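Chemist: So for the sequence shown, our numbering puts the first residue at 1053; every next one is plus one. Glycine included, each C-beta is placed from N, C-alpha and C at the ideal position. Note that the structure is predicted; figures quoted are calculated from it, not measured. Just dropping this structure here.
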Amino acid sequence: MLRSGVTLLRRTAARAASSRPESSQLVLSSRMSQKVTRNILEGIDLMVCDMAGTTVQEGGLVYRTLHQSMVDGGLEVSSAEMEPWHGAKKEAVIEHFARQAGIPESQLEEKINGISDAFIAAIDTAYFDDAATISHIDIGLFGYFKELRSSGIKIALDTGYPPNIQQGLVERLGFDAVVDGYISSYDVAEGRPYPYMIHRLMERLRIENVKRVCKVGDSVRDIEEGRNAGCGLVVGVLSGADDAESLLAAGADVIAGCVTDLPVPRARAREAKLRLPDLS
């Protein structure tokens, strides 16, 4: 994390260090960490960010609401059991626990739909009521996205929210003014950890090489999605669901406190400012 002075960690270095004494690990000062990571986004054309916990500050409300909806729907689910499902498509979570509870196959669809409808109604109220306190994950998020776009990096959002909830958040928080695209797991065959949302965004935004895509997220499933998609850079952030150890174990290349801690590549920013307009 650049702002707090904690060293950004590379996945390969963390794996190598795991078999050595703690004293043998390489630790950088805040100044050196900033220096060596300054151009970490230099080869990136598209940054795909998760929403809740990565770009949207909502305090874990989505997970608490889903948990409560399942309990109210007659399923016995503990908070600890919910943790591995952070970032998953909500119907997939409900189906898992419904099957675990032994709901007969003939009643399964009705049970899933009933709990899903209750969840959507509850989260709609929680997010879009006049008293709702959801906000950007960082006060400087919009300025940061604008800088990235000025340097030639496109920004996209992906999520496990149903499309109507995602659209509502995009409009309420003004994301449509600073991102190039967004997608819900309901728009593809399978949500995270499948790579389909990232690949569909690449298609929409005309990104040729997945190695020039950076995936950023706060959950293990975000990291798995990025790895499965073949992204050139996969970043875990500590602003949401999962901790650094879990994100690194899932395959994160880098851990940052917040997405805005990732530095805008200087060379590309300068080139963008000096580039002449296309008058053809």
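With Asp-1313 as the anchor, note down where its alpha helix (DSSP H) starts and where it stops.
Modeler: No alpha helix (DSSP H) holds Asp-1313; DSSP gives it neither H nor E.
Chemist: Skipping 5 residues on each side, what residues in its chain have a beta carbon closer than 6 Å to that of Glu-1133?
Modeler: Around Glu-1133: no qualifying Cβ.
Chemist: Under the three-state reduction of DSSP, which class applies to Asp-1182: helix, strand or coil?
Modeler: Coil, per DSSP.
Chemist: Give me, in chain order, the residues of the same chain whose beta-carbon lies closer than 7 Å to that of Ile-1045; leave out the 5 immediate sequence neighbours on both sides.
Modeler: Here the chain has residues from 1053 to 1332 only, and residue 1045 is not among them.
Chemist: Counting along the chain, where does the beta strand (DSSP E) carrying Gly-1098 start and finish?
Modeler: The sequence shown places Leu at residue 1098, not Gly. It spans 1098–1102 - the beta strand (DSSP E) in which Leu-1098 sits, taken as one unbroken run.
Chemist: Using a threshold of 8 Å, state whether the C-beta atoms of Cys-1283 and Cys-1310 are closer than that.
Modeler: Their beta carbons are not under 8 Å apart, which means Cys-1283 does not touch Cys-1310 by this criterion.
Chemist: Can you tell me whether Thr-1211 is helix, strand or coil according to DSSP?
Modeler: Looking at Thr-1211 - three-state DSSP - the assignment turns out to be strand.
Chemist: Following the continuous beta strand (DSSP E) through Val-1287, name the residue where it begins and the one where it ends.
Modeler: Looking at the DSSP string, the run of the beta strand (DSSP E) that includes Val-1287 is 1285–1289.
Chemist: Could you pull out every residue in the same chain whose Cβ sits closer than 6 Å to the Cβ of Glu-1094, ignoring the five residues on either side in sequence?
Modeler: Cβ within range, chain order: Pro-1317.
Chemist: How long is the line joining the alpha carbons of Glu-1161 and Phe-1149, rounded to whole angstroms?
Modeler: Approximately 13 Å between the Cα atoms of the pair.
Chemist: On the criterion of 16 or more Cβ atoms from any shown chain inside 10 Å, does Thr-1177 qualify as buried, or is it exposed?
Modeler: Exposed, because fewer than 16 other Cβ atoms sit within 10 Å of the Cβ of Thr-1177.
Chemist: Out of curiosity, what's the CA-to-CA distance linking Trp-1137 and Arg-1090?
Modeler: Cα to Cα, the separation comes out at about 33 Å.
Chemist: Under 8 Å by Cβ, that's how I've got Ile-1092 and Val-1306 pegged, so tell me the actual separation to the nearest angstrom.
Modeler: That belief holds up - the Cβ atoms of Ile-1092 and Val-1306 are roughly 7 Å apart, short of 8 Å.
Chemist: Less than 8 Å between the beta carbons of Gly-1292 and Asp-1270, yes or no?
Modeler: Yes. Within cutoff.
Chemist: Flag this pair as yes or no: are the beta carbons of Ala-1277 and Ile-1250 separated by less than 8 Å?
Modeler: This sequence places Glu at residue 1277; Ala is not what is there. In this structure, Ile-1250 lies closer than 8 Å to Glu-1277 by Cβ.
Chemist: Judging by CA-CA distance, which residue of Ala-1301, Ile-1186, Leu-1098, Ile-1172 is the nearest neighbour of Thr-1107?
Modeler: Per the Cα distances, Ile-1186.
Chemist: Report the residue from Asp-1274, Arg-1273, Val-1272, Leu-1253 whose alpha carbon sits nearest the alpha carbon of Arg-1264.
Modeler: The option with the nearest alpha carbon to Arg-1264 is Leu-1253.
Chemist: Checking 8 Å against the spacing of the C-beta atoms, do Leu-1257 and Tyr-1234 come in under that value?
Modeler: Their beta carbons are not under 8 Å apart, which means Leu-1257 does not touch Tyr-1234 by this criterion.
Chemist: Leaving out five residues on either side along the sequence, give the residues of the same chain with a beta carbon under 7 Å from the beta carbon of Val-1145.
Modeler: Around Val-1145: Leu-1118, Trp-1137.
Chemist: Check the Cβ-Cβ distances between Ile-1205 and every residue of chain B, and say whether any is below 8 Å.
Modeler: The chain inventory of the structure shown lacks chain B, comprising one protein chain alone.
Chemist: From the DSSP output, read off the bridge partner residues of His-1188.
Modeler: Its beta-bridge partners are Val-1108.
Chemist: How should Ile-1191 be labelled, buried or exposed, when 16 other C-beta atoms within 10 angstroms of its C-beta is the threshold for buried?
Modeler: Answer is exposed; the Cβ neighbour count stays below 16.
Chemist: DSSP state of Lys-1267, grouped into three classes?
Modeler: Three-state result, Lys-1267: strand.
Chemist: By DSSP, does Ile-1259 sit in helix, in strand, or in coil?
Modeler: In this structure, Ile-1259 counts as coil in the three-state DSSP scheme.
Chemist: DSSP state of Ile-1146, grouped into three classes?
Modeler: Three-state result, Ile-1146: helix.
Chemist: If you follow the beta strand (DSSP E) that Gly-1243 is in, where does it begin and where does it stop?
Modeler: First-last for Gly-1243: undefined, no H or E at that position.
Chemist: If distances are taken between C-alpha atoms only, which option among Met-1099, Arg-1083, Ala-1301 comes closest to Gly-1204?
Modeler: Residue Met-1099 is the option with its Cα nearest to Gly-1204.
Chemist: Please report the residue range of the alpha helix (DSSP H) in which Val-1088 lies.
Modeler: Residues 1082–1088.
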